[in-house]
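Below, the structure written as C-alpha cells:
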C-alpha cells in the first residue's frame, strides 16, 4: 500500500518537476542564449516551441519513432528560424516585432496542421530509471529521467566551451558584442546571425518535442503556455551564460510544480499568485542586479540595437 | 526645460480633459441609441423539408478532446440525422465582442434561425443583447439561468446533470481505491465544477464513509503542465484514483496511467488513453438534446410561444450524459453496486443532495429535512465543498 | 514635394505589402485545397462588404488602436515596450474598482470620467514603472514589460477569483457588475461602442503631441541619440517616464473601455490578446499613431473574416492566425524597402512583389 508522503511531497514534487518541467525550458533557453549572443532577440520561439511540439508528436505518431519526431521538430524549428533570421536582419526591421509576428505565424501553422494529432496517442520517448527498485514508487517516478534532459545537461557546458574556445564561438560573440569589430575581422554578420538564429530555433524545436513526447507528453494547443516567451526572460536571468541557463531552467521548471504541490498538502489560497512566482522573481532579480553605471556581465553589446 | 515640461503638462491635462469629454459624448449617445439592426430572419415555421441553418459557437478548438469536442460531436450527430439541417460552426471565439459579432454574422450572412453558443461566458452580456436585437432567432445557451419575466423569451437554457455520472464514478472509485484517497484535478472553483467534485465525493462516501477527495485547482481550463504536476503530486500523496474537470482530460488520464494509479474520465470516453487504470467516466452526450431541439424547431415549435421549454435539463435518464463502460480493474461486486444506483437514477428515484450534508468546514449546507432534486436552482449556485473534500474554494 | 512623395511611398508600400500578404495567404489556401478567389471574396464580404459588416471590423479594430499606442509612443524614444496586455488589464481593474466604489452616488458622466482617469492612471503607472526601471536601473524594458504582463494577469485572476468576485457570477468568475446607467453606450445609429472614438481621438492627440509639439520633438531627439540629448540638456529620465506613462495610459484606457462598454465587469475576458495585437499594429504602422488607425482597421478586418472562413469553407480556426502572421511578416518586411525604390511612383506594387519575402516552407538563401 502506497503511503502518502505529506510535506515531503513538496520538495519531491519540486525536484521531479525540476527535471520534468525544466527540460523544455532548458532547450528553449539555450536556443535563445545562442540567438541573443549573436545580437538578436527571438521572441518567436513561443511559436517555434508550438510548431516543434506539433511536428514531433505528429511525426512520432505517423512513423512510430519518437526519435524521428525529435529530429523533425528540430528541422521545423530550423525553417521558422530561417524566416526570423532573414527577416529580422533586413534594414529597419525590428527583431522584437518579427518575433511577435512569428509567434502568431508559428502557432497558426502548428494549430492548423496539428488538428488531426490532438486525439491519437503517439509513441513517447523512453525514460531512464535512475532509482533502484528499493525506493518508494513516488521517488521512483520522480527519478524517471528523459534522455533529452541528459542531452540538455550535456549541451550547456558544450555551449560554454563553444563560446569560449572555438573559432565559431568567437565569431558569434564578436558579432553580438561589436559588429564593427567583427566586420573588420572579415566575418559576415548576416551569415553568423542567420546560423545562430537557425541553430537556436533548432534547439527550441527540440524543446517543443520535449513537451509533446516527454512531459506532459501530449499535443494540445495550449501546451506551451508561454514558455517560449519566458525563455527570453530566463536568458537574461542567466546572464547569457549557458551553465546559468541550466540552473535557471531547473528553477523555472520547479516553480511550475510549486502551485499544485502546495495545494495538495493543504496550502489552499493564492494559487494564481504562486503560479506567477517565476515572473516576479525574474523581475526582482533584474531590478537588483542591473545598474545604469555598468553593463551586465555577459550582455551582448549589440543586443536591441537595430542593425 | 521648464517650458518643455509646461507643454507636456498641458498636454496631459488636455488629454485628461478629452477623456472627460468622451464620457460626456458617450452619455449623450446612450440617450438616443436604438438597436436599429432589425430582424432579418423570417420565422422558421416553414415547410417540412425547408433547410434550416443552425449555428454553433465554441470557445476553444472544436477538437480539444474535451468540452468543446463533446458539443461539436453532438452538433455533427444532429446534422447527420437531419438532412435539412445546415450546420455552421465557429471555434476559438473569445467571450468578448467577438462572439456577438460571430452570432450576428451567422444570422445576417448565413441566415441562421437558431444559435447554440456553447460557452457559459457568452451569456452575459453578449447573448442577452443579441436576443433583443433578433427577437425571431432562437438562442440556446449551455448552462445559463433563464429567469422568467426578465430574460428575453427567445433564450433557452440547457445543461446536463453530469454530476449524476460523477456520483456513480465516485462509487466505483471509492470501492476500487486501496488507500481511500481520491484526487480531483479541477480548473476553477465555479459551481459546475464544485458540483462535480461534491457529487463524486458523495458517491464515494456513500459506499465507504472514510474516503477523502483531494482537489487541486489549476486556475485555468487548459494548463497541461500544471494538470500533469497536480496528478503527479497526488500520486506522491498516496492518492490512487484521479478524475478531473478541465477542458481536455487527456493529460490527467495519461499521467495517471504512467504513475500506475486509477483514473476516471470526463467529457468523453478516455479508455484508450489508460487501458489499465481507467475505471469509468462521466461523458456528455449532446446528440440527443440537439437532435430533439432541431426536430422541435423544424416542426414549428418555438421558445417564444412556449412550444419549447426555456429550461431544459436532464441527466442519465434523459440521455444528456452517460457513464463510461467499466474498465478491467473494476470488480464485479463494484459493478453491481454502481449499476444498482444507476438504475435508481434511471427511474428517477435517486436524489444526490439530500440532508444532512455538511461542508468541509462543518457548516450544514443541506438541512436534514431538505432533499434538493437535480432541477433545484440552489444547486446551480453551489459554493461549498462537502465534507470529505480536502481543499478550499478561495482563489 | 518630398512630403507627398514620402506619403505616397508609404501608402504604396503598405498596400503593396498587404496585397503580397493576401497573395501568400491565397497560395496557402490553395495548398490546403481551398479556392483562393472564393477566400478573397469571403474576406471582403465579411470585413468590408456592407455597412453592417464594416461595423464588425470597426468593433474589432477599436481596442487595437489604443493598445497600439502603448508600443508606438515609447518607440519614439527608442524603447520597445510590449507590456500592452498588462497595462490593459490593470486599467480595466482600476476602472471597475472606481466604478464600483462610486456606484450610483454621482451622475454617470462623472463616474465614467473617474473610471477613465482610473484606467489611464493605472495603465500609465504600470508602463511608467517599466520606463523608470529602464532609466534608473537599466533594466531591459522589453523584458520587464513582458514580465509585468504575466504579473498583471495573475493579479486579475486572483482578484476576480477571490477578493473581488461576485458570488452570483457563478460559472464565469467576475467582479460585481457596473451599474447599467454607468455603461458607455454605442455610437448612435451603429452598434459600435464609444471605444472607437476614444481610440481615434487618442491617436490624433498623440500624433500631434509627438509630431507638432516641443515635447514630441524632445522625445524624438532623445530617441535618436540619448547622449546627444543629454548634452543638449534634455531630461531624458523624465521624458522616458512621462512617455511610458502616456503609453500605458492608452492601453489602460482600452481596459476601461472593455469594462465599461463591453463586459460591464472585469473578468478573464480582459485578457484575450488585444495587447499582443497592438504591438504588431504599432510596428506595422511604423509607430505613427495615424497609420495605427489604418492598420488597426486592417487587422480588425482580418479578425472579422476569421469566422466566415470557418463557416463557409470549413477551414480550421487557426487559419486566421496563419493569415495574420503572413500579413504581418510581409508588412514588416516592406519597411526595409523604404528609400530603396527609385521609381516607386510608377509601379511600386510590382517592385514589392518582385522580391518576395519568405513564405512557409521556402528557405531563404543564407548568403549576404
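Protein chains in written order, with the working numbering: chain W, 375 to 681; chain Z, 1368 to 1762; chain F, 10 to 377.
Virtual Cβ for every residue (Gly too), placed ideally from N, Cα, C.
Take the alpha-carbon of residue 1493(Z) and the one of residue 1481(Z): they are about 15 angstroms apart. Within the segment 288-318 of chain F, not a single complete beta strand (DSSP E) segment reaches 3 residues in length.
Residue range 204-221 is occupied by the alpha helix (DSSP H) that includes residue 216(F). Taking residue 97(F) as reference, the option from 22(F), 84(F), 80(F) with the minimal CA-CA separation is 80(F).
In the DSSP assignment, residue 1611(Z) falls outside any alpha helix (DSSP H) and lies within the beta strand (DSSP E) extending over 1608-1612.
In the displayed model, residue 1578(Z) falls within coil according to three-state DSSP, outside both helix and strand. Bounds of the alpha helix (DSSP H) holding residue 1625(Z) are 1617-1625. Under the three-state reduction of DSSP, residue 13(F) is assigned to helix.
For the pair residue 302(F) and residue 212(F), the CB atoms are nearer than the 7 angstroms cut-off. When 8 angstroms is used as the limit between beta carbons, residue 1555(Z) is near these residues of chain F: 170, 182, in chain order. Residue-level contact check: residue 596(W) does not touch chain F, since none of the beta carbons of chain F fall below 7 angstroms from its beta carbon. The Cβ-Cβ distance between residue 327(F) and residue 93(F) does not fall below 7 angstroms.
One thing to note: residue 1439(Z) has its Cβ no nearer than 7 angstroms to the Cβ of residue 1447(Z). Contact between the segment 553-561 of chain W and the segment 399-409 of chain W is absent, with fewer than three C-beta pairs closer than 8 angstroms. With fewer than 16 neighbouring CB atoms inside 10 Å of its own CB, residue 1703(Z) falls in the exposed class. Within chain Z, the residues placing a beta-carbon under 9 angstroms from that of residue 492(W) are 1428, 1430, 1431, 1432, 1436, 1615, 1617, ordered along the chain. Contact with chain W is found for residue 89(F), since one of that chain's Cβ atoms lies less than 7 angstroms from the residue's Cβ. For residue 1421(Z), the uninterrupted beta strand (DSSP E) segment begins and ends at 1419-1424. For residue 503(W), the beta-bridge partners assigned by DSSP are 518(W). Out of 1744(Z), 1603(Z), 1611(Z), the CA that lies nearest to the CA of residue 382(W) is found in 1603(Z). Residues of chain F whose Cβ lies closer than 8 angstroms to the Cβ of residue 1726(Z) do not exist; the shortest such Cβ separation is about 15 angstroms. Interface criterion not met: the Cβ of residue 578(W) is under 7 angstroms from no Cβ in chain Z. The beta carbon of residue 1735(Z) sits closer than 8 angstroms to those of 1722, 1723, all from its chain and outside the five residues before and after it, given in chain order. Within chain F, 342, 345 have C-beta atoms less than 7 angstroms from the C-beta of residue 464(W), given in sequence order. Ranked by Cα distance from residue 139(F), the options 255(F), 316(F), 224(F) are led by 255(F). Nearest Cα to residue 1652(Z) within the set 1422(Z), 1626(Z), 1433(Z): 1433(Z).
In the DSSP assignment, residue 1604(Z) falls outside any alpha helix (DSSP H) and carries neither an H nor an E. For residue 604(W), the closest of 349(F), 160(F), 26(F) by C-alpha to C-alpha distance is 160(F).
Taken through DSSP and simplified to helix, strand or coil, residue 86(F) comes out as coil. Taking 7 angstroms as the cut-off, the beta carbon of residue 574(W) is found closer than this to the beta carbon of residue 408(W). Residue 1497(Z) and residue 1470(Z) have their C-alpha atoms roughly 8 angstroms apart. Across the set 1626(Z), 1690(Z), 1473(Z), the C-alpha of 1690(Z) shows the shortest separation from the C-alpha of residue 1534(Z).
According to the DSSP secondary-structure assignment, residue 1484(Z) is paired through a beta bridge with 1424(Z). With a beta-carbon spacing of about 4 angstroms, residue 1571(Z) and residue 1578(Z) fall inside the 8 angstroms limit used to define contacts. The distance from the Cβ of residue 313(F) to that of residue 304(F) is about 15 angstroms, inconsistent with a contact at the 8 angstroms cut-off.
Nearest Cα to residue 71(F) within the set 337(F), 209(F), 273(F): 209(F).
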